[in-house]
Every structure is written in structure tokens, then in C-alpha cells.
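Asker: In this note's numbering, the protein residues as written are -1 to 87.
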């Protein structure tokens, strides 16, 4: 993702200070994001991705391992049937 942010900034012809201002983050935070540092907060990442038009890319992220675990859990759990209630008053 860091490389994507860097490439998108350069493709737009924006300097670090320009993107930092548009994203409302400090230059230091933007440098950390572009270098791939794990110390940048998720909020800072989102703030940087938004002006670059990259937020929709997050929806494309997937984790096949997590999906497989979720599918397995759902298959094991199943639904328990509820006994029919006698609603005769």
C-alpha cells in the first residue's frame, strides 16, 4: 500500500507537502505512510487514501484464509430448528 500511495502522489504531480495538506496529516506522518511504517494509524492512512481516490481499493482487499475459517465455522454451527409453538389461547 505504501508504494501505491507514493505512485499515486507522483502520478498526480503532488509534492509531499501538497498531499499532507490535502490529507490533513503532518509531513512526518505522510513520510511514515509512504515508507510503509507500521506506526501510522489507520485514520492517517484513510486520510491519505481519500484525496488520492484510493479508498475504493480497500473494498478489493480480501483474506482467503479468514474467509475459509468463516465458512468452516458457519458450516459447523448450522441453524437449530425451533420447535413449533402452540399459539392456541
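For each residue, glycine too, the CB sits at the ideal point set by N, CA and C.
All values reported here derive from a predicted model rather than from experimental measurement.
Compare the Cα-Cα distances from residue 18 to each of 27, 62, 35 and report the closest residue.
Answerer: 27
Asker: Once DSSP output is grouped into helix, strand and coil, what is the label at residue 12?
Answerer: coil
Asker: When the Cα of residue 30 is compared with those of -1, 8, 55, which residue comes out closest?
Answerer: -1
Asker: Identify, in the order they occur along the chain, each residue of the same chain with its Cβ nearer than 8 Å to the Cβ of residue 25, setting aside the five sequence neighbours on each side.
Answerer: Excluding positions up to five away in sequence, the list reads 14, 15, 18.
Asker: Roughly how many angstroms separate the alpha carbons of residue 41 and residue 8, rounded to a whole number?
Answerer: 22 Å
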